[in-house]
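J.: Just so we're aligned: 7 in full-length UniProt numbering is position 7 of the sequence shown, and the numbers increase by one with no gaps anywhere.
My questions will all concern the structure given below.
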Amino acid sequence: MLQVGTPAPDFTLKDQNNQEVRLSSYLGSHPVLLVFYPLAFSGTCSGEMAALEKALPSFAAAGVSVLTISVDSSYSHKIWLERESWSMRMLADFWPHGGVARSYGVFNESAGFADRGTFLIDRAGSIRWAECLGPGSSRDTAVWLAAVASLDDG
């Protein structure tokens with residue numbers, strides 16, 4: 001996993017609407033919370049994403065953009081978002097399979113998907129806070145909000 005103080009690798013991935021999203025297009029104006037998760041429609045991931053959806057207004061109020069990333073296709077993301085009535089942006093690290101997760105050091109080679117990596121990136125593009133949990137663990141959005149609250153982004 002990339003460590004705090006490391007420059008965040010830039011990337012371009014497609015979202016649930018098949019639109020390209022580039023990390024660097026957010027930087028300079030907004031900190032970004034990257035949330036890697038293993039797979040759409042799975043139990044733990046569904047619980048985490050539901051909690052994240054509820055917390056999105058708090059992240060927006062803090063001026064933080066939230067991007068979620070998995071190896072699922074943009075089509076899977078679109079169906080999942082529609083089924084759950086979620087508004088977040090989901091990015092497909094589909095091809096090359098897990099390439100962005102690998103660049104952040106959170107790709108689980110034996111499982112073929114990302115572990116639960118979370119990175120708070122400041123406006124300058126540096127990782128300011130990070131955590132990584134295994135697939136069976138569940139993260140807490142309150143921890144992410146605390147990291148955002150401690151971010152002094154100038």
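We put the CB at the ideal spot given by N, CA and C, even for glycine.
Does DSSP put residue 41 in a helix, a strand or coil?
T.: Position 41 of the sequence shown holds residue 41. Looking at residue 41 - three-state DSSP - the assignment turns out to be coil, as it is neither helix nor strand.
J.: Please report the residue range of the beta strand (DSSP E) in which residue 165 lies.
T.: As displayed, the chain neither begins before 1 nor continues past 154, which places residue 165 out of reach and without an answer.
J.: Extract the residue ranges of the beta strand (DSSP E) inside the UniProt domain "Thioredoxin" (2–153), only unbroken runs of 3 or more that lie entirely within it.
T.: Segments of the beta strand (DSSP E) lying fully in the UniProt domain "Thioredoxin" (2–153): 12–15, 20–22, 32–36, 65–70, 89–92, 116–121, 127–133.
J.: Would you say the beta carbon of residue 82 comes nearer than 8 Å to a heavy atom of the ligand FMN?
T.: As for the ligand FMN, it is missing from this structure, which has no ligand bound.
J.: Taking all protein chains shown into account, do 16 or more other C-beta atoms lie within 10 angstroms of the C-beta of residue 40, making it buried, or fewer, making it exposed?
T.: Mapped onto the sequence shown, residue 40 falls at position 40. Its Cβ being crowded by 16 or more others within 10 Å, residue 40 is buried.
J.: Would you mind working out which of 148, 143, 145, 125 sits nearest residue 8, comparing C-alpha positions?
T.: Indexing the sequence shown from 1 puts residue 8 at position 8. Out of 148, 143, 145, 125, 125 has the C-alpha closest to the C-alpha of residue 8.
J.: What do you get for residue 136, buried or exposed, if any count of 16 or more other CB atoms within 10 angstroms of its CB means buried?
T.: Residue mapping note: residue 136 aligns to position 136 of the sequence shown, counting from 1. The residue is exposed, with fewer than 16 neighbouring Cβ atoms inside 10 Å.
J.: Apply the 10 Å Cβ neighbour rule to residue 118 and answer buried if 16 or more other Cβ atoms are within range, or exposed otherwise.
T.: For the purposes of this step, residue 118 is taken as residue 118 along the sequence shown, with counting starting at 1. It is buried - the Cβ of residue 118 has at least 16 other Cβ atoms within 10 Å.
J.: On a Cα-Cα basis, can you pick out the residue from 52, 105, 96 that is closest to residue 90?
T.: As a first step, residue 90 must be located in the sequence shown, where it is residue number 90. Per the Cα distances, 52.
J.: Less than 9 Å between the C-beta atoms of residue 69 and residue 35, yes or no?
T.: As a first step, residue 69 is located in the sequence shown; it is residue number 69 there, counting from the start. As a first step, residue 35 is located in the sequence shown; it is residue number 35 there, counting from the start. Closer than 9 Å, so yes.
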